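Below: one structure, written as structure tokens.
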Amino acid sequence: MSRTMPRLVATDLDGTIVRSDGTLSPRTVDALARVERAGALLVMVTGRPPRWMRPVAEAVGHRGVAICANGAVVYDLHTETVLRTRLIAPEVLAETVRRLRAAIPELRFAVEYPHGFVFEASYNLGSWDAEALGGRAVDGETLVSRGGTKLLAFHPDADPDSLSVKAREAVGDLVTVTHSSGSGLLEMSAHGVTKASALAELCAEHGIPPADVVAFGDMPNDLPMLTWAGTSYGVANAHPVVLAAVTHTTAGNDDDGVAQVLEKLFPGVPEDGAR
């Protein structure tokens, strides 16, 4: 591998390499394959839970490692198995929910586990979870009775940026608060757990410094990773705070922006089946 090639590529999924129709383009799949074929590490860094990763694993030919739940889960895409977790303790979940109910009464909650999830009956399930196995409605006591990888809080009509600020004021000393969509959905991990913390741990295990990492993203939950990596790219459709923070920009997710960069970073790497 030449010196110009990064040793690790970290990319967000939804809104970054996943298109608006929910697919990965053939060009993007091939560009991701170039990374491993060149001897570099490929890491998908996402807010998704592991149960949402199977279509991605299949689309990319079971290449790479995934950091899921905004840093709380490390997941092997080759074998589709959880490697490690960072949980929010039950007592922290309970206090976080108590404070948020007092500060923002309209919020409804769900808790992610490495496998499966629970939710309040009034929580608005998204299309993925409405069709998912392993989820169940529970009462408030059961909701916080077990440590989870991520606490979700949904507000039916709040602006996510303003909602995040208010939530951080209430519980920022207990959990890490972020968001990754245009809806009023907050995502909370254990305090200090972010996409960057998990990526830094993985890089330390492989002796890879931030300077040898290229990262791609589009939303506020990507900011810790993008500011940690030596080189960072925001796709054209990214949130304004992301575009202001990255070192470079590229075309949008629907125009294979990440693939365009990877093709330049890994030139001359043969396609699958080529000799």
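Residue numbers (my numbering): 76 to 350.
No residue lacks a Cβ here, since even glycine has one placed at the ideal position from N, Cα and C.
The structure displayed is predicted, hence computed values, not measured ones.
Three or more C-beta pairs below 8 Å linking the stretch 180–195 and the stretch 133–142
no
Pull up the distance between the alpha-carbon of G247 and that of A275, whole angstroms please.
Counting from 1 along the sequence shown, the entry for residue 247 is found at position 172. Counting from 1 along the sequence shown, the entry for residue 275 is found at position 200. Approximately 22 Å between the Cα atoms of the pair.
Between the stretch 100–115 and the stretch 326–338, do at least 3 Cβ pairs fall closer than 8 Å?
Enough Cβ pairs lie closer than 8 Å, so yes.
Proximity below 9 Å, CB of D293 to CB of D96
To locate residue 293, count along the sequence shown from 1; it is residue 218. To locate residue 96, count along the sequence shown from 1; it is residue 21. No, the Cβ-Cβ distance between D293 and D96 is not below 9 Å.
Give the C-beta separation of V289 and A304 to the nearest angstrom, bearing in mind that I take them to be a contact with Cβ-Cβ under 8 Å.
The residue you call residue 289 lines up with position 214 of the sequence shown. The residue you call residue 304 lines up with position 229 of the sequence shown. With a contact defined as Cβ atoms closer than 8 Å, V289 and A304 qualify at about 6 Å.
Does the separation of the CB atoms of L227 and L249 fall below 9 Å?
By 1-based counting over the sequence shown, the position of residue 227 is 152. By 1-based counting over the sequence shown, the position of residue 249 is 174. No, these two residues do not count as a Cβ contact at 9 Å.
Per DSSP, the bridge partner or partners of I142
The residue labelled residue 142 in the question sits at position 67 within the sequence shown. Note: I142 sits in a beta bridge opposite V120 and V149.
If V301 and V317 are in contact, beta carbons under 8 Å, what's the gap, nearest whole angstrom?
In the sequence shown, the residue the question calls residue 301 occupies position 226. In the sequence shown, the residue the question calls residue 317 occupies position 242. Sequence inspection shows Leu at residue 301; the Val mentioned does not correspond to that position. Indeed they touch by this definition, with Cβ atoms about 7 Å apart.
Quick one: what's S239 bridged to in DSSP?
The count along the sequence shown starts at 1 and reaches residue 239 at position 164. Looking at the DSSP assignment, S239 forms no beta bridge with any residue, so it has no partner.
D330 by DSSP, collapsed to three states: which one?
Sequence index remark: in the sequence shown, residue 330 carries index 255 (1-based). Helix, per DSSP.
Starting from T324, trace the beta strand (DSSP E) both ways and give me its first and last residue.
Along the sequence shown, read from residue 1 onward, the residue named residue 324 stands at position 249. Segment H323 to T325, the beta strand (DSSP E) holding T324.
Once you ignore the five residues that flank S258 on each side, which residues in its own chain have a CB closer than 7 Å to its CB?
Here the question's residue 258 lines up with position 183 in the sequence shown. So the qualifying residues of the chain are P235.
Tell me, please, whether the stretch 143–155 touches the stretch 166–173 by the rule of three or more beta-carbon pairs shorter than 8 Å.
no
Alpha carbon to alpha carbon, what distance is there between E262 and R243?
Taking the first residue of the sequence shown as 1, we reach residue 243 at position 168. Taking the first residue of the sequence shown as 1, we reach residue 262 at position 187. In a straight line, the C-alpha of R243 is about 11 Å away from that of E262.
Can you say whether K339 is buried or exposed, counting buried as having 16 or more other CB atoms within 10 angstroms of its CB?
Locating residue 339 in the sequence shown gives position 264, where the first residue counts as 1. With fewer than 16 Cβ atoms within 10 Å of its Cβ, K339 is classed as exposed.
Could you check whether R183 and E195 sit closer than 9 Å to each other, using their CB atoms as the reference points?
Against the sequence shown, residue 195 aligns to sequence position 120. Against the sequence shown, residue 183 aligns to sequence position 108. In contact: E195 and R183 (Cβ atoms closer than 9 Å).
In whole angstroms, give me the CA-to-CA distance for A205 and V193.
On the sequence shown, residue 205 is found 130 positions in, with the first residue counted as 1. On the sequence shown, residue 193 is found 118 positions in, with the first residue counted as 1. Below a pLDDT of 50, predicted positions are generally treated as unreliable, and A205, at 49, falls in that range; the measurement from the model is reported next regardless. In a straight line, the C-alpha of A205 is about 12 Å away from that of V193.
Just list the residues that DSSP pairs E262 with in beta bridges.
Looking up residue 262 in the sequence shown gives position 187. In the DSSP output, where bridge partners are listed per residue, E262 has L227 and T253.
Less than 6 Å between C-beta atoms, sequence neighbours within five positions excluded: which residues of the same chain meet that for H323?
What you label residue 323 is simply residue 248 of the sequence shown in a count that begins at 1. Hits under 6 Å: Y308.
Could you check whether A115 and P81 sit closer than 9 Å to each other, using their CB atoms as the reference points?
Within the sequence shown, the letter at position 6 stands for residue 81. Within the sequence shown, the letter at position 40 stands for residue 115. Yes, the pair counts as a contact, with Cβ atoms nearer than the cut-off.
Can the beta-carbon of V110 be found closer than 9 Å to that of A273?
The residue labelled residue 110 in the question sits at position 35 within the sequence shown. The residue labelled residue 273 in the question sits at position 198 within the sequence shown. No, they are not a contact pair.
Name the residue from T121, V157 and R112 whose alpha carbon lies nearest to the alpha carbon of P299.
Against the sequence shown, residue 299 aligns to sequence position 224. Checking every option, the nearest Cα to that of P299 belongs to T121.
Would DSSP call V167 helix, strand or coil?
Working through the sequence shown from its first residue, we reach residue 167 at position 92. Residue state, collapsed to three classes: helix.
Beta bridge counterpart(s) of F341 as assigned by DSSP
Counting from one through the sequence shown, the residue named residue 341 turns up at place 266. According to DSSP, F341 bridges with nothing at all.
Helix, strand or coil: which one does DSSP assign to G292?
Along the sequence shown, read from residue 1 onward, the residue named residue 292 stands at position 217. In this structure, G292 counts as strand in the three-state DSSP scheme.
Pick from P342, S239, D330 and A286: whose alpha carbon is nearest that of P295?
As a first step, residue 295 is located in the sequence shown; it is residue number 220 there, counting from the start. Among P342, S239, D330 and A286, the Cα nearest to that of P295 belongs to S239.
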